[in-house]
Structures are given as C-alpha cells and as structure tokens.
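**Q** The structure is given below, and queries will be raised subsequently.
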Amino acid sequence: MNDPLISVIIPVYKAEGYLERCVGSIRNQNYRNLEIILVDDGSPDESGAMCDRFAQEDSRIRVLHEKNGGPASARNAGLNAMTGEYVAFVDSDDDIIPDMFRNLYDLCMEHQADVACCNTIKVNDQGPCGYFNDNLNDFLILNKKEAVRELMENYRVTDSLWDKLYHKRIFEGLRMLEGVLYEDFDILCQCMHRADRVVYTGKPMYHYYLSQNSVMRSAFKAKQFDIMEMSRKRLAFLQQEYPEFMDVAYSKHVELGFEMLYRSRVARDCKEIRKELDRELRRILKDHPNLPMTRNNRIKVFFFRMGLPVFLAFVSVYYRIKGTQR
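Last residue of the sequence shown? That's 336 in this note's numbering, and every number before it is there in order.
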C-alpha cells in the first residue's frame, strides 16, 4: 500500500537565517510522499526568494506568497491549499528528525489514531538543552476526553500545533483565529475534541529553538496578553463540552495569569490590562477556592491574596532562587 500524502505547512516570515535548515530537515524525511507548503507571509527579507528556489529544486514544494497577516493567517492559507490526507505544521526556525513523519504516521495506523503527538527537544545557542518531557519512554493512547484532560496538564500533549500529525478531518471547517498571538492555544482543545483517538510517544522528534527573538522571550508588549483571551475562549469551550474539567482549566488560567502579571510588571502601557487581569484572577480564586494546584502555585496564590506588589516581589525572589531565566 502506498503511503498517503502528508501536507506540511510552514509559515515563513523573516526566516532567511534558518529557513534552509528547517526546509532541509523536511525534504530529508524518510517518509517521501510529502506536500511541503511554504507560506511566505509577506516577509521583507530574502525568505520569499529562498522559498521559490526550494520549489525549483524539489517538486514536492509549493509556495504561497501572501500579504503579511501573521502566523495564524499563514497557517490558514496553507490549510486552504493543502491536498494531503494528513497535515503537520513546522515553524520556520525549528527542524525535525529524519523519521518524524514516518514514526507519527505509523503510530496513527497502528493505533487507529486521528492525531499522533511526540516529545520535543529544546535547543539553545549551545545545542540541545533538554526535553519538554524528560520521560522518553512515555506512551499514551487516549480517547478525546482523555486527550483534552492531558492537554490541560500540558507537558505531554502540548498546546502547540507543531509536534503532531493530524488526519485532515480534524481541520475540516476549523481554522485559527487570525490577528492574535497564541492562536494554537485555543484551537488545540478543539482538535483534541474532534479526535476519536490520540496517541503520544515520549520519543523526542521535534527540535524547538529557544530564540531570543521569540514572543515569550522578547521585551513584553501589550499584544502578548492575547494569550489570556485565548485561554478565556478555551474556558468557554470547555464549559460547554467538558464542564467536569473546569477546575483544572481555571487552575491553568490562573497559573497563566500569574505569569502574565509577572512578565508585564515593567510594561507601563499595560497598567489597565494588568489591573483588569488582577481583578479577574481574584474573582476566580474567590469563586473556586479549592482549585487543584501544585505546591508552588498554592504559595503564589497565598502571596497574591496579600496584594499585587507583594506577589510580584515574591515571584521575583522565587525566580531568582530557582535560577529561572525570564
């Protein structure tokens, strides 16, 4: 039996420094039946020309030149153009091991899964520096309800689009919200809900590069609060479809809100947004006093209830002691 076509969608913007590495890792896959869709998101550098050159070198590559609309818009354009039975996403500053798609497709076939997920290798300027999940032998077969719950736990089934292979039906009539950051944070919950079965392997197959220019590691901008709106959308979806998970979801929302309060602490243009988020988190903690939380997050809640300045002072000391780079 011939392998079905896998469409690989890569949004491209200001990627000239690493695009060749990324695309090369996909062209070199031992799963050969690929449709590689490079979506030039109006990039002002040489990325668009590089995409055209790659297409001349490899007939499996298609290039879409789009007006700049952000990664969600680029991914949606790729979804609209794809013809594969399966679809995967790779970010243009990352790369993948040579047998990633072969392994994920075989997992889908073996376990009759609609989505296959893998572990991720973190890479910094010195090279590989860890894994998203340190248990490389982890293996899960999940129904949709279990997959949504695992997504809430968020260290094996992650809320990132790119460490997975999806059957095309997962995205039928489903597209990402454009014009916002962290669009995958919202859509992944719906993807898991649409899957009859999800399989996860702890084998690390995706290289995630810790760029200093990434959204989460760059100077804080008000736009980064989009992640809270995506989390609210996810809360609304879960309230409708999985109300039994709301305590876990609220706990995740509070944890994320704490991170945003801390990261935005010196951003003067975020003062009003920060005040509203502070009020929102206090309402949640008042209405849901027994949320399931780690010990560290319970300690953060204790200091948060003493006031935002006390909370920020504590978290600053906490991260300094932990040696966490923020």
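Ideal Cβ positions, reconstructed from N, Cα and C, are used throughout, including at glycine.
Taking the C-alpha atoms as reference points, what is the distance between P147 and N164?
**A** The amino acid occupying residue 147 in the given sequence is Asn; Pro does not appear at that position. Their backbone Cα atoms lie some 17 Å apart in a straight line.
**Q** With distances taken Cα to Cα, identify the nearest neighbour of L152 among S274, I107, S326, C118.
**A** The option with the nearest alpha carbon to L152 is C118.
**Q** Quick check on this structure: which residue in N86, P54, I19 has the alpha carbon closest to the alpha carbon of I71?
**A** When each option's Cα is compared against that of I71, the closest is I19.
**Q** Indicate whether V264 and L245 have their beta-carbon atoms separated by less than 8 Å.
**A** Going by C-beta atoms, V264 is not nearer than 8 Å to L245.
**Q** Distance check for I106 and M352, CA to CA, integer angstroms please.
**A** For residue 352 there is no data in the structure shown, the boundaries of the chain being 11 and 336.
**Q** Can you give me the start and stop residues for the alpha helix (DSSP H) that K332 sits inside?
**A** Run containing K332: 318-332, per the alpha helix (DSSP H) assignment.
**Q** When you compare only the Cα positions, how much space is there between D194 and P21?
**A** Cα to Cα, D194 sits roughly 13 Å from P21.
**Q** Start and end of the beta strand (DSSP E) containing F64?
**A** Run containing F64: none in the beta strand (DSSP E); it sits in the alpha helix (DSSP H), 57-67.
**Q** Smallest Cα separation from E160: which of H203, G137, Y328, N90?
**A** The option with the nearest alpha carbon to E160 is H203.
**Q** Which of the three DSSP states is assigned to F230 in this structure?
**A** Residue state, collapsed to three classes: coil.
**Q** Return the residue from the list K281, C32, R112 that minimises the CA-CA distance to S102.
**A** Per the Cα distances, C32.
**Q** Select from Y216, A205, L150, A65 the residue whose C-alpha is nearest the C-alpha of P138.
**A** If we check each option's Cα against that of P138, Y216 comes out closest.
**Q** Leaving aside the five residues before and after F314 along the sequence, list all residues of the same chain whose C-beta is less than 6 Å from its C-beta, in chain order.
**A** Counting only Cβ-Cβ distances below 6 Å, and skipping sequence neighbours, we find F321.
**Q** Considering Cα atoms alone, identify which of L89, Q136, V311, N86 is closest to Y219.
**A** Closest by alpha carbon: Q136.
**Q** Starting from the N-terminal side, write out each stretch of the alpha helix (DSSP H) that is 4 residues or longer and does not extend beyond the region 138-197.
**A** The region 138-197 contains these whole alpha helix (DSSP H) runs: 154-163.
**Q** Ordered along the chain, which non-local residues of its own chain (more than five positions away) have a Cβ less than 6 Å from that of M303?
**A** Cβ within range, chain order: S261.
**Q** Please state whether the Cβ-Cβ distance between M92 and S17 is less than 8 Å.
**A** In this structure, S17 lies closer than 8 Å to M92 by Cβ.
**Q** Mark S274 as exposed unless 16 or more other C-beta atoms lie within 10 angstroms of its C-beta, in which case mark it buried.
**A** S274 is buried by the Cβ-count criterion.
**Q** Please state the DSSP three-state secondary structure of I107.
**A** Of the three classes helix, strand and coil, the one that applies to I107 here is coil, per DSSP.
**Q** Could you tell me which uninterrupted beta strand (DSSP E) segments, each at least 3 residues in length, are contained entirely in the region 12-58, listed from first to last along the chain?
**A** The qualifying runs are 16-22, 44-51.
**Q** Just reading off the alpha helix (DSSP H) that M270 is part of, what are its end residues?
**A** Per DSSP, M270 belongs to the alpha helix (DSSP H) from 256-273.
**Q** Assess, as a yes-or-no matter, whether the region 171-188 is touched by the region 53-73 under the definition of 3 or more beta carbon pairs within less than 8 Å.
**A** Touching, no.
**Q** With distance defined between alpha-carbon atoms, name the residue in W172, R42, R37, F268 nearest to N306.
**A** Residue F268 is the option with its Cα nearest to N306.
**Q** Just the C-alpha distance for V133 and D288, rounded to the nearest angstrom, thanks.
**A** So the two alpha carbons sit approximately 34 Å from each other.
**Q** On the criterion of 16 or more Cβ atoms from any shown chain inside 10 Å, does A123 qualify as buried, or is it exposed?
**A** The residue in question, A123, is buried, as its Cβ has 16 or more Cβ neighbours within 10 Å.
**Q** Going by Cα to Cα distance, which pick from G58, G94, D51 is closest to S83?
**A** With distances taken between Cα atoms, S83 lies closest to D51.
**Q** What residue does the beta strand (DSSP E) around A126 start on, and which one ends it?
**A** Counting along the chain, the beta strand (DSSP E) containing A126 begins and ends at 125-134.
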